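Numbering (our numbering), first residue to last: 482 to 692.
Just so it is clear, CB atoms sit at the ideal spot from N, CA and C, and this is done for glycine as well.
Keep in mind that this is a model prediction, so the values were computed, not measured.
Here is the structure we will look at, set down as structure tokens.
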Ligand SMILES: [Zn+2]
């Protein structure tokens, strides 16, 4: 493991354990990546099928731009590696994080017919890079889920092009993706979006109960 990868892998493992403790990466779900080098592309990627609550830096893999493992024996990168690679290429991201929380799963279905969720008027929106006021309206696109990763990567590429200001998107009945210039920013974006989605979900529940 190169020095650059080592530090990044330690960071990814720490974020994985923290997100797992919040219930966002249960049952080996979710995945995390960060760019190690851009030319040629090398990314640190969480392995497939590993409990994220116990992820160790040594288990983090290095992949190339077609999601092949580079320079390590054993270990299989996440099935969703191609989606991470597409986000890095489309957004110039330095890190990509993907969570499977209960609230993001519920809302990705409830709002699927609208093609996305508009979030506006919340102070926490200011945690998203470039957002200066609670009056900001954030559109979180919802993309239909698929097991065909190459095709799903193309669909996500189209959604990212269509919604250039989006800080994240949802896969229907699946989970949330967000990213950042670096791991700290990506982690912050996931925390902000998870907070806002849970707030919307809980608000809807209260309103239904009142009615
Ligand atoms: Zn997933």
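If you check the C-beta of residue 504 against ligand 1, you find no heavy atom less than 6 Å away.
7 Å or more divides the Cβ of residue 575 from the Cβ of residue 512. Remark: C-beta atoms of residue 538 and residue 525 do not approach each other more closely than 7 Å. Distance between residue 554 and residue 534, taken at the CA atoms: about 23 Å.
Cβ contact annotation for residue 618 (same chain, cutoff 7 Å, sequence separation greater than five): 599, 601, in chain order. Residues whose Cβ lies closer than 7 Å to any heavy atom of ligand 1, listed in chain order: 510, 511, 512, 561, 579, 581, 652, 655, 656. In the DSSP annotation of this structure, the continuous segment of the alpha helix (DSSP H) that includes residue 638 starts and ends at 630-643. Contact annotation: the segment 609-625 does not touch the segment 566-573, with fewer than three C-beta pairs closer than 8 Å.
Rounded to the nearest whole angstrom, the CA to CA distance from residue 608 to residue 660 is 13 Å. The criterion of a C-beta distance shorter than 7 Å is satisfied by residue 587 and residue 682. The residue from 591, 490, 531 with its alpha-carbon nearest to that of residue 544 is 490. The beta carbon of residue 613 sits closer than 8 Å to those of 607, all from its chain and outside the five residues before and after it, given in chain order. DSSP places residue 668 within a helical segment (H, G or I) once states are collapsed to three. With a contact defined as Cβ atoms closer than 8 Å, residue 581 and residue 632 miss out at about 21 Å. In terms of Cβ geometry, residue 578 and residue 667 form a close pair [threshold 7 Å]. In this chain, residue 663 is not harboured by any beta strand (DSSP E), its DSSP state being neither H nor E.
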